[in-house]
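Numbering (the working numbering), first residue to last: 60 to 357. Ideal Cβ placement from N, Cα and C applies to all residues, glycine included. Only a predicted model underlies this, so the values are computations on that prediction, with no experimental measurement involved. For reference, the structure is listed below as structure tokens.
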Amino acid sequence: MESVGFLGLGKMGTAMATRLLGAGCSLTVWNRSSDKTEILVQNGANLAASPAELANSVDIVITMLSNDAVTEAIYQGNDGLLSGDIKDKLFIDMSTLRPSTVSLLADNAQNKGASFIDAPVSGTVTPAEKGQLLVLCGAKAGDLIRARPVLDILSRRIIHAGPVGQGALLKLVVNLPLAVYWGSLAEALTMGARGGLNLELMLNTIQDSSAALAVLPLKTPQILGQSASVAFDVAGMQKDLNSMLNSGQDHGIPMPITTGTLTSYDAAAAGGLGAEDAVEIISFLMEHAGSQQNDKED
Numbered sequence: 060m061e062s063v064g065f066l067g068l069g070k071m072g073t074a075m076a077t078r079l080l081g082a083g084c085s086l087t088v089w090n091r092s093s094d095k096t097e098i099l100v101q102n103g104a105n106l107a108a109s110p111a112e113l114a115n116s117v118d119i120v121i122t123m124l125s126n127d128a129v130t131e132a133i134y135q136g137n138d139g140l141l142s143g144d145i146k147d148k149l150f151i152d153m154s155t156l157r158p159s160t161v162s163l164l165a166d167n168a169q170n171k172g173a174s175f176i177d178a179p180v181s182g183t184v185t186p187a188e189k190g191q192l193l194v195l196c197g198a199k200a201g202d203l204i205r206a207r208p209v210l211d212i213l214s215r216r217i218i219h220a221g222p223v224g225q226g227a228l229l230k231l232v233v234n235l236p237l238a239v240y241w242g243s244l245a246e247a248l249t250m251g252a253r254g255g256l257n258l259e260l261m262l263n264t265i266q267d268s269s270a271a272l273a274v275l276p277l278k279t280p281q282i283l284g285q286s287a288s289v290a291f292d293v294a295g296m297q298k299d300l301n302s303m304l305n306s307g308q309d310h311g312i313p314m315p316i317t318t319g320t321l322t323s324y325d326a327a328a329a330g331g332l333g334a335e336d337a338v339e340i341i342s343f344l345m346e347h348a349g350s351q352q353n354d355k356e357d
């Protein structure tokens, strides 16, 4: 198997890099906060001093970064991934980015003789640890064949959405209904609660109905205030919703529901919930339901 470099060791990135290391990959890592590399290095990974050094030392580079601006800086900045001789390298970006950002990075990599794949994932830390992610890939067929031995370690399924950029677009398509669902669920539960219905009864009923979502049973304890784990935070959902609106604008599509949903997540983040799990939008909206109308009436 070709040697692999991994940049971006947040919760997801660490889980994915650990999975690769455990599968026997020759792994080199780099992260802006170097302390996050320590456990991986202790377990056998090599440590690069910079993105450029990492790209120079491996065959395949995986990035799993927080947003478009950070990703562009890591690829294109001084001592960035694309700053050296990258001919014949394969770059796999697994972040959730705007398709326009992916296209820019891919063009710049390809202009220097490298290959580029966008391969964002659907799934959280636990599936990442188990190699059960759903990978949504935009790539040339030959590049995907080359990437598969690595992606197979991380995934339960790889969907080839089309050429570069299509994986990023498909990821936004997947995430948008989920963002809207939590907001609409909050309004439904608020309506029922104000009318006297028990919250747990409503959630159990929804789970047994056509309004059920596969992830809802896993999130129900959190909605009921019985747990507080963070799989995907409010700030991340904000970022994705902005990317969705950007893509809609690129295609001339009005997106009023998405716009309204972003307003709710913006309010939750402003209320101090940016680092909390995105499902906390439900408790936030239930708590603040009617407050804006009351302010207007006052």
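Ranked by Cα distance from residue 183, the first of 109, 63, 246 and 123 is 123. Secondary structure note for residue 166: its alpha helix (DSSP H) is the uninterrupted segment 158-169.
Taking all protein chains in view, the Cβ of residue 259 is surrounded by fewer than 16 other Cβ atoms within 10 Å, so the residue is classified as exposed. Assigned with DSSP and collapsed to three states, residue 216 falls in strand. Looking at the DSSP output, residue 64 bridges to 87 and 120. In this structure, residue 270 sits away from residue 336, with a CB-CB distance that is not shorter than 8 angstroms. For residue 111, same chain residues with a beta-carbon under 6 angstroms away, outside a window of 5 residues either side, are 138, 142 and 143 in chain order.
DSSP places residue 292 in no alpha helix (DSSP H); its state is neither H nor E. Per the C-alpha coordinates, the member of 317, 301, 344 and 215 positioned closest to residue 127 is 301. Contact between residue 245 and residue 294 fails: their C-beta atoms lie close to 18 angstroms from each other, not under 8 angstroms. Residue 113 and residue 192 have their alpha carbons spaced roughly 25 angstroms apart.
In this structure, 189 is the residue among 198, 189 and 218 with its C-alpha nearest to the C-alpha of residue 212. Closest in C-alpha terms to residue 231, from the list 308, 205, 103 and 158, comes 158. By the Cβ rule, the segment 310-326 does not count as touching the segment 251-266, because fewer than three pairs are nearer than 8 angstroms.
Exclusion of the five residues before and after residue 340 leaves 241, 242, 245, 293, 323, 324 and 327 as the residues of its chain whose Cβ lies within less than 7 angstroms of its Cβ. The Cβ-Cβ distance between residue 178 and residue 145 does not fall below 8 angstroms.
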